[in-house]
Structure formats: structure tokens, C-alpha cells
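Peer 1:
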Amino acid sequence: YGVPLYEMIGGKVRDRLRVYDHLGGGSTESVYNQANSDSFAARAQESLDEGFTALKILAVPRTEMLDGAKNIKDAINLMQTVRETVGDDVEIMIDLHGRTTPAMAIQYAHALAPFRPWFFEEPCQPENVDAMVEVARAITIPVATGERLVTRWQFREILEKRACAIIQPDVCHCGGVSEIKKIAAMAETYFISMAPHNPLGPLATMVNIQIGFCTSNFLIQELMRSDVPWRNDVVDDPLQIQNGYVLPPTRPGIGIEINEREAAKHPYKPEDEARYFHPDGSIADW
Numbered sequence: 171y172g173v174p175l176y177e178m179i180g181g182k183v184r185d186r187l188r189v190y191d192h193l194g195g196g197s198t199e200s201v202y203n204q205a206n207s208d209s210f211a212a213r214a215q216e217s218l219d220e221g222f223t224a225l226k227i228l229a230v231p232r233t234e235m236l237d238g239a240k241n242i243k244d245a246i247n248l249m250q251t252v253r254e255t256v257g258d259d260v261e262i263m264i265d266l267h268g269r270t271t272p273a274m275a276i277q278y279a280h281a282l283a284p285f286r287p288w289f290f291e292e293p294c295q296p297e298n299v300d301a302m303v304e305v306a307r308a309i310t311i312p313v314a315t316g317e318r319l320v321t322r323w324q325f326r327e328i329l330e331k332r333a334c335a336i337i338q339p340d341v342c343h344c345g346g347v348s349e350i351k352k353i354a355a356m357a358e359t360y361f362i363s364m365a366p367h368n369p370l371g372p373l374a375t376m377v378n379i380q381i382g383f384c385t386s387n388f389l390i391q392e393l394m395r396s397d398v399p400w401r402n403d404v405v406d407d408p409l410q411i412q413n414g415y416v417l418p419p420t421r422p423g424i425g426i427e428i429n430e431r432e433a434a435k436h437p438y439k440p441e442d443e444a445r446y447f448h449p450d451g452s453i454a455d456w
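Residue numbers (the numbering used here): 171 to 456.
1. Under the rule that 16 or more other beta-carbon atoms within 10 Å means buried, what is glycine 238, buried or exposed?
2. Label glycine 181 either buried or exposed according to how many other C-beta atoms from any shown protein chain fall within 10 Å of its C-beta, with 16 as the threshold for buried.
3. Which residue's Cα is closest to the Cα of isoleucine 311: Ala333, Ala279, Val252?
4. Determine the burial state of asparagine 241: buried for a count of at least 16 other Cβ atoms within 10 Å of its Cβ, exposed for fewer.
5. For serine 363, does the three-state DSSP call read helix, strand or coil?
6. Applying the criterion that 16 or more other CB atoms from any shown protein chain within 10 Å of the CB defines a buried residue, is arginine 445 buried or exposed?
7. Under the three-state reduction of DSSP, which class applies to histidine 280: helix, strand or coil?
8. With burial defined as no fewer than 16 other Cβ atoms inside 10 Å of the residue's Cβ, what is the status of valine 173: buried or exposed?
9. Alpha carbon to alpha carbon, how far is alanine 229 from leucine 409?
10. Once you ignore the five residues that flank isoleucine 276 on each side, which residues in its own chain have a CB closer than 7 Å to its CB?
11. To the nearest angstrom, how far is the alpha carbon of glutamate 330 from that of serine 386?
12. Which residue marks the beginning of the alpha helix (DSSP H) containing threonine 420, and which one marks its end?
13. Starting from threonine 315, follow its DSSP beta bridges and name the residues at the other end.
14. Using 10 angstroms around the beta-carbon of glutamate 292, count the other beta-carbons present and answer buried if the total reaches 16, otherwise exposed.
15. Under the three-state reduction of DSSP, which class applies to alanine 454: helix, strand or coil?
16. Is the separation between the beta-carbon of methionine 302 and that of cysteine 334 shorter than 8 Å?
17. When you compare the CB positions of glutamate 392 and proline 366, do they come within less than 8 Å of one another, or not?
18. What is the rounded straight-line gap between the Cα of glutamine 250 and the Cα of methionine 178?
19. Can the beta-carbon of glutamate 261 be found closer than 8 Å to that of alanine 224?
20. Could you give the C-beta distance for glycine 316 and isoleucine 328, rounded to a whole number, given that I count them as a contact under 8 Å?
21. Work out the CA separation of alanine 245 and histidine 436 for me, nearest whole Å.
22. What does aspartate 191 pair with, by DSSP beta-bridge criteria?
23. Which of the three DSSP states is assigned to proline 369 in this structure?
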């Protein structure tokens, strides 16, 4: 009674927890639409200024099942610009968001490997686990996946076939706190780490932070610093990032309270899901 959540579900296993910034900008369009290299570099610098030492970018444009050299060159240019901006001491993760086929994902990985990405997220859709295994065996960048999977039963085949090096369950739809702990324990037996998917608000973020402090194979936690300018206004104790880490919460439960007065200033507004198309008019994975 009266203790942080992590003390109730296993106890603290680390003194601080690493976080990374997903370079978004407040809408589906700004997160998943291809931006130019200078725009990403500017966002990356802002992340460093806010205390992050790791970040994730959507470096790969929308790609057809087989594509030409231009998209690969654009991805190289973007990754090179961001790497030159942040230096070698900052981890850069690449999110493909399932946009690519295994054939194209492998080409992108070989092209971007010299920039030392920390992991390669969703190089293809996870429904075909053997396809993801094909990518994982063909590249040197560790593969991450799992945001679309629900319950430990959908993670089982991913783990058994070693289709990835990092799992990314989302606590809001994988089955909650108890289920994500089971998923993490399963992954640990395969020497697979966990970096939960979390382009979400401050409540989900703090739940993930609590889980991270009591999970031994926890790697790093995704945040989205720049989703909306009022993010920190709707909670009473926003996260403080110090040299890329957060310290363990000390308040009971998940550690924050909603400021309902501030939250009421921002009523729910539905956002149309992104729709993208290839040059021939066919639907593109976004």
C-alpha cells in the first residue's frame, strides 16, 4: 500500500531507465509522412537539447514492393544528415513501420548499416513471421517488432523463430500490465530484450516507465516529446529527463495524476487515419 507500481509487480531492478524520442510532430501526417533531411536534423537537435541521447526516425519513404535507387539514396541522405547532426554517441533507431517487403527491407538495411542504427523496426508486416526471419537473418542491424501483436500467444511464434532481437509490445493493447510482464519473461528466455511501443500520452508513458523499472530485460522506452505542446500541462508531475534517463518514480501507483481542468481544455478531436498511395494509384502501407 502506498508504493509505486514497480514495487508491487516485482521490485526495482535498475537505478535509472533509458528513454528515446520518437521524432513526431503532433499528427499522424507529421510522424509518418516523409520529411526532408534538414527537418529531421532540426528535430533531432531539439531532442538532444531536451536531454535525450537516443532517438527514432522514419528514415525510409513509402516504398513499392520492388523499388529503384532514388528512395534508397534519399534514405541514405536523411540518415547521414541526422547522424552528422547528433554525432556517434547518440543511438538512432530506424522505424520502417511495415512499409517494406523483405526484399526492400534488406536493401535498405545494407545501405543504412554504415550509420550504425541501433535497431530496425518493423521491416515488414509481422503476420508472416517467416518473412521477418528472412530479414533478420540477412542483415546485421537488430530487428525490432511487436507493436501490432496482442497477448503472449501472438508473440510466441516471433520468439520461437527468433524473428527479432527486440520485442515492442504496447501495454495499451497487448493485454495490460500483467500480460506485458509475461511477454517480457518469455522473451528473456530467448535473450531478447523489450522496448515497449509508446507513441502515446503521459499516462501510458508512466505505466511503461513503472514496468521498465521492474523488468530485467527492459532495453529502452519510447516517448513522443513533441506530439502536442500541452502534453505536460495535463499531468501534475511531468517526466524529467537527465542525460537520456529518467529516475524511478516515488509516488504511489503509476506516479502521476491527471489535471482535469487542463485536460478539459483539449477535448477529443478525431484524426483521419493516414492514407497514402503509390504513383500508380495503389494503396501504400504507411
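For each residue, glycine too, the CB sits at the ideal point set by N, CA and C.
Peer 2: In this structure, then:
1. exposed
2. exposed
3. Ala279
4. buried
5. strand
6. exposed
7. helix
8. exposed
9. 27 Å
10. Val305, Ala308, Ile309
11. 20 Å
12. That residue, threonine 420, is in no alpha helix (DSSP H); it is neither H nor E in DSSP.
13. Ile337
14. buried
15. strand
16. yes
17. yes
18. 44 Å
19. yes
20. 7 Å
21. 36 Å
22. Leu225, Leu393
23. coil
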